[in-house]
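The sequence shown maps to residues 3 to 627 in the working numbering. No residue lacks a Cβ here, since even glycine has one placed at the ideal position from N, Cα and C. Predicted model, so just to flag it, every value in this text is computed and none were measured. Note sheet for the following structure.
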Amino acid sequence: MSGGVGAGPPGGRGNCIPMTPSFMNLGLLNVGSLNLGLSGALGSPDLSGTSLVIGLQGYSLVAFWKPLILLLFFVPWAWVITKIYDKHAGRFFLPRRMWNLIHLSAGTAAIAVCLLMPIKGEAAFWVGLLAMIAILAADIVAYAVVANKDDRVPENFHIGFKMDSLTEKREAKAAAKQQSKATLLIRTPDKQIVKVPEPETPEFELRLFAETIYSKAMAGRSSQVDIAPAGTGTGAEAPYSVSSQVDGVRVPAETIPASQAVRVMDFWKVTAGLDVADRRKKQQGNCTIEHDGVKHVVRVTSQGVPGGVRMTLLFDPEQAVRRKPVQLGLLEAQATEMQAIIADGKGLVLLGAGADQGRTTTMYSVVQMHDAYTSNVQTIEMDPQWAIDGVRANKFDADKEGAEYSTTVRSVLRRDPQVVFVAEIPDQATAKEIAKADLSRARVFVSTRADNAVAAIEGWVKAVGDAKMSSNNLRGVVAQRLLRKLCANCKVGYPATPDMLKKMGVSGDKAVTLFKKGGQVLIKNKPEVCPVCQGGGYIGQEAVFEVYQIGEEERAQIETGNMTGLRASLKKRQLPTIQQAAIRKAVDGITSVEEVTRITAVGPAPAAVPGQPGAPRASVAPAGS
Ligand SMILES: [Zn+2]
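This is the structure in structure tokens:
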């Protein structure tokens with residue numbers, strides 16, 4: 003014990019020496035000769051005789067355990083200042099000598115107050131003890147407060163009150179244990195909880211891996227995770243990629259061996275109630291996952307692909323496609339055109355979007371623009387994502403004996419519906435069925451894969467295989483693409499130059515502030531990763547559209563294959579194209595010029611944008627969440 007104290011703060015060894023005898027004497031004091039010990043240690047002329055005597059009288063009654071109690075507090079204090087504080091001060095260039103002097107004075111004062119407590123009797127010991135503890139604690143806290151305020155001490159080296167390294171180790175151990183614990187509550191389609199396997203078994207490891215996939219996706223705001231063969235190899239070591247999608251952009255994948263991929267895919271298949279043995283057929287099922295009171299639906303889709311099995315975990319599929327028409331992002335002129343198309347109520351309207359471009363979302367929001375209670379609205383889908391109130395969903399099951407999509411379409415159209423949404427055109431027979439149908443009293447929306455309005459029409463003509471027949475009942479076309487929205491919390495503004503505005507086709511001499519992605523915010527004047535977008539700079543997506551009614555003139559152009567004429571006719575309408583709509587969103591500060599360029603692949607090149615990084619905005623509050 004004397005060694006611990008006597009060793010003292012390495013930097014202030016000299017200062018420490020007087021402390022050793024006083025401390026040692028305290029030990030002697032209580033066992034043996036009080037008067038001698040005390041006068042030897044603290045024999046100072048300043049001490050008042052009276053208080054000294056009273057103090058000593060108190061001590062003369064002391065049993066051997068009393069000094070042990072004192073040591074119980076003194077030794078840890080000495081340990082902290084020599085083993086932690088002194089090193090800490092040395093490391094961050096704090097005034098080490100001064101601090102050692104302060105600690106030494108505090109220690110001396112603590113002992114003095116303890117021994118010289120001017121109270122009679124047994125109480126003296128306890129009051130003295132309390133006073134000693136208070137002084138030692140004040141010393142400990144004082145250093146921590148001053149050091150933590152010092153700019154030289156980085157935040158992660160601030161002093162917290164963990165009195166010994168054992169506590170820290172225990173906590174680290176507990177945290178590690180927590181890490182290796184299954185934390186998710188997973189339920190099968192019939193609401194049964196999937197049991198967590200015994201720890202330290204391969205099944206338990208698998209469970210943890212499956213949970214990690216989910217937790218990482220959630221933390222990164224992913225909408226889905228895909229596990230798929232990543233190369234041409236076969237066997238247990240063949241690479242599989244685990245990638246995710248955030249706001250429609252694929253996030254770089256992690257690669258795992260086929261053996262592990264197959265096991266984790268099997269885990270999800272069992273969980274979603276799918277047939278594990280079937281690795282070819284497309285299967286789909288839902289499970290639910292709860293964590294910290296938050297529940298998510300996970301749609302598990304598995305299908306055989308060349309080289310193995312592909313699995314998609316889609317999070318909250320219903321929520322993903324639920325968007326109100328006003329949230330769609332139609333510009334005003336386009337919303338008016340859309341209303342006119344809906345009001346027309348007959349013929350065929352094409353809804354075009356690229357792969358993963360919110361085709362289903364758009365279809366469902368157009369469905370919502372109809373009153374399903376006053377009109378007969380039906381959908382034909384292979385893979386219904388959302389049961390909308392009042393809308394009859396006809397699920398097409400390709401596995402059913404003799405099932406034909408075109409037959410399903412025909413039978414639905416015969417039932418005299420007012421509005422029918424056809425989610426896919428799997429074959430020419432289906433396209434022909436719709437093209438030749440009498441749509442003088444019914445409206446059919448067909449969802450197709452196309453990047454713009456003209457491409458949607460061209461694709462439709464090709465699908466039908468007959469220009470005249472395909473143009474026959476065409477009354478409108480809507481196309482869309484998704485763009486990522488800038489995170490309002492960290493986007494960085496810069497003035498647009500007149501040259502840029504000209505390139506973007508923005509007229510007027512008003513000053514325009516454009517924004518680029520930030521990803522960082524200033525917290526206490528230090529740049530830190532934006533807490534809202536986790537540094538990505540974008541959060542959420544919005545669609546940009548082309549919306550056109552198709553009239554006599556355009557139908558004639560389609561019939562004769564005059565696509566140049568068709569483009570000219572559509573341009574005459576002065577309705578925004580997808581590119582113009584996207585630029586408008588950049589000017590409005592919703593997205594960046596870089597994002598417009600990315601999704602339209604035309605527009606001004608990013609290099610043309612003067613790089614004015616600007617300072618990250620000093621705010622942490624999520625704006626308009
Ligand atoms: Zn942000």
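Would the beta-carbon of residue 534 be found less than 7 Å away from any heavy atom of ligand 1?
By 1-based counting over the sequence shown, the position of residue 534 is 532. Within the cutoff, so yes.
Keeping to the same chain, check which residues put their C-beta closer than 8 Å to that of residue 530; ignore five residues upstream and five downstream.
Counted from its first residue, the sequence shown places residue 530 at position 528. Closer than 8 Å at Cβ, skipping near neighbours: 522, 523 and 524.
Determine which residues share a DSSP beta bridge with residue 312 and list them.
Here residue 312 is taken as the residue at index 310 of the sequence shown, counted from 1. DSSP, once it has assigned bridges, lists 305 as partnering residue 312.
For residue 561, which of helix, strand or coil comes out of DSSP?
The count along the sequence shown starts at 1 and reaches residue 561 at position 559. Looking at residue 561 - three-state DSSP - the assignment turns out to be helix.
Do the CB positions of residue 602 and residue 581 come within less than 8 Å of each other?
Numbered from 1 along the sequence shown, position 600 holds the residue referred to as residue 602. Numbered from 1 along the sequence shown, position 579 holds the residue referred to as residue 581. Yes, these two residues count as a Cβ contact at 8 Å.
Quick check: the Cα distance between residue 2 and residue 544, rounded to an integer number of angstroms?
Residue coverage of the chain in this structure runs from 3 to 627, which leaves residue 2 outside it and unanswerable.
I think residue 518 touches residue 540, with their Cβ atoms under 8 Å apart; what is that distance to the nearest whole Å?
Within the sequence shown, numbered from 1, the residue matching residue 518 stands at position 516. Within the sequence shown, numbered from 1, the residue matching residue 540 stands at position 538. Between residue 540 and residue 518 the Cβ distance is about 11 Å, and since that is not below 8 Å, they are no contact.
Residues bridged to residue 447 by DSSP?
Mapped onto the sequence shown, residue 447 falls at position 445. According to DSSP, residue 447 bridges with 351 and 423.
With a floor of 4 residues, list each alpha helix (DSSP H) that falls wholly inside the segment 561–590, ordered by position along the chain.
Entirely contained in the segment 561–590, the alpha helix (DSSP H) runs reaching 4 residues are, in chain order, 565–574 and 580–589.
Please tell me whether residue 188 and residue 313 are closer than 8 Å, where the distance is taken between their beta carbons.
By one-based count along the sequence shown, residue 188 stands at place 186. By one-based count along the sequence shown, residue 313 stands at place 311. In this structure, residue 313 does not lie closer than 8 Å to residue 188 by Cβ.
Would a C-beta distance cut-off of 8 Å place residue 414 and residue 382 closer than the cut-off?
Numbered from its first residue, the sequence shown carries residue 414 at position 412. Numbered from its first residue, the sequence shown carries residue 382 at position 380. In this structure, residue 382 lies closer than 8 Å to residue 414 by Cβ.
Bridge partners for residue 533 per DSSP, in chain order?
The residue labelled residue 533 in the question sits at position 531 within the sequence shown. For residue 533, which the question treats as bridged, DSSP gives no partner whatsoever.
Looking at the strands, I want to know which residues DSSP matches up with residue 550.
Translated into the one-based positions of the sequence shown, residue 550 becomes position 548. The partner list for residue 550 (beta bridge, DSSP) reads 479.
Confirm, please, whether the CB-CB distance from residue 257 to residue 243 is below 8 Å.
Position 241 of the sequence shown, counted from the first residue, corresponds to residue 243. Position 255 of the sequence shown, counted from the first residue, corresponds to residue 257. The answer is yes: Cβ separation under 8 Å.
Within the 8 Å Cβ cut-off, does residue 292 reach chain C?
No chain C appears in this structure, which consists of one protein chain only.
Are there any heavy atoms of ligand 1 lying less than 7 Å away from the beta-carbon of residue 491, as far as the coordinates show?
Indexing the sequence shown from 1 puts residue 491 at position 489. Residue 491: yes, Cβ under 7 Å from ligand 1.
Considering only DSSP beta bridges, list what residue 336 is partnered with.
For the purposes of this step, residue 336 is identified with residue 334 of the sequence shown, where counting begins at 1. Its beta-bridge partners do not exist; DSSP assigns none.
From residue 254 to residue 245, what does the alpha carbon distance come to, in whole angstroms?
Here residue 254 corresponds to residue number 252 of the sequence shown, with the count starting at 1. Here residue 245 corresponds to residue number 243 of the sequence shown, with the count starting at 1. C-alpha separation (whole angstroms): 6 Å.
Rounded to whole angstroms, what is the Cα-Cα separation between residue 365 and residue 560?
Start at 1 with the first residue of the sequence shown, and residue 365 comes out as number 363. Start at 1 with the first residue of the sequence shown, and residue 560 comes out as number 558. In a straight line, the C-alpha of residue 365 is about 24 Å away from that of residue 560.
May I ask you to check if the CB of residue 520 is nearer than 7 Å to at least one heavy atom of ligand 1?
Locating residue 520 in the sequence shown gives position 518, counting from the first residue. Flag set: Cβ of residue 520 near ligand 1.
Do the CB positions of residue 119 and residue 109 come within less than 8 Å of each other?
Indexing the sequence shown from 1 puts residue 119 at position 117. Indexing the sequence shown from 1 puts residue 109 at position 107. Not closer than 8 Å, so no.
Do you know how far the Cα of residue 390 is from the Cα of residue 398?
Locating residue 398 in the sequence shown gives position 396, counting from the first residue. Locating residue 390 in the sequence shown gives position 388, counting from the first residue. For residue 398 and residue 390, the distance between alpha carbons rounds to 17 Å.
Between 199, 193, 115 and 192, which lies nearest to residue 185 when the distance is taken from Cα to Cα?
Stepping through the sequence shown from its first residue, residue 185 is reached at position 183. The residue with the shortest Cα to Cα distance from residue 185 is 199.
Specify the secondary structure class of residue 105 as computed by DSSP and reduced to three states.
Residue 105 sits at position 103 when you count from the first residue of the sequence shown. Here residue 105 sits in helix by DSSP.
What distance in whole Å lies between the Cβ atoms of residue 348 and residue 223, which are believed to be in contact at a cut-off of 8 Å?
Indexing the sequence shown from 1 puts residue 223 at position 221. Indexing the sequence shown from 1 puts residue 348 at position 346. Between residue 348 and residue 223 the Cβ distance is about 42 Å, and since that is not below 8 Å, they are no contact.
For residue 711, which beta-bridge partners are listed by DSSP?
As displayed, the chain neither begins before 3 nor continues past 627, which places residue 711 out of reach and without an answer.
Rounded to a whole number of angstroms, what is the C-alpha to C-alpha distance between residue 293 and residue 226?
What you label residue 293 is simply residue 291 of the sequence shown in a count that begins at 1. What you label residue 226 is simply residue 224 of the sequence shown in a count that begins at 1. Taking the straight line joining both Cα atoms gives about 17 Å.
How big is the Cα-Cα spacing for residue 379 and residue 411?
What you label residue 379 is simply residue 377 of the sequence shown in a count that begins at 1. What you label residue 411 is simply residue 409 of the sequence shown in a count that begins at 1. Each residue's Cα considered, the two are about 14 Å apart.
Taking the straight line between their C-alpha atoms, what separation do you get for residue 507 and residue 459?
Start at 1 with the first residue of the sequence shown, and residue 507 comes out as number 505. Start at 1 with the first residue of the sequence shown, and residue 459 comes out as number 457. Distance between the alpha carbons of residue 507 and residue 459 is about 26 Å.
What three-state label does DSSP hand residue 436 in the structure shown?
If you number the sequence shown from 1, residue 436 lands on position 434. Reduced to three states, the DSSP call for residue 436 is helix.
Is residue 539 near ligand 1, in the sense that its beta carbon is under 7 Å from a heavy atom of that ligand?
The residue you call residue 539 lines up with position 537 of the sequence shown. Under cutoff, so the answer is yes.
Just the Cα atoms here: how many angstroms apart are residue 284 and residue 499?
Taking the first residue of the sequence shown as 1, we reach residue 284 at position 282. Taking the first residue of the sequence shown as 1, we reach residue 499 at position 497. So the alpha carbons of these two residues sit roughly 52 Å apart.
Taking C-alpha atoms, which residue in 569, 585 and 386 lies nearest to residue 503?
Here residue 503 refers to the residue found at position 501 of the sequence shown. Ranking 569, 585 and 386 by Cα distance to residue 503 puts 585 first.
Between residue 374 and residue 386, which are expected to be in contact by the criterion C-beta below 8 Å, what is the C-beta distance as a whole number of angstroms?
Position 372 of the sequence shown holds residue 374. Position 384 of the sequence shown holds residue 386. The pair is not a contact, with the Cβ atoms about 15 Å apart (cut-off 8 Å).
Please work out which residues of its chain come closer than 7 Å, Cβ to Cβ, to residue 287, disregarding the five sequence neighbours upstream and downstream, and give them in chain order.
On the sequence shown, residue 287 is found 285 positions in, with the first residue counted as 1. 191, 274, 275, 276 and 302, listed in sequence order.
Taking 8 Å as the threshold (C-beta atoms), are residue 437 and residue 384 in contact?
For the purposes of this step, residue 384 is taken as the residue at position 382 of the sequence shown. For the purposes of this step, residue 437 is taken as the residue at position 435 of the sequence shown. No, they are not a contact pair.
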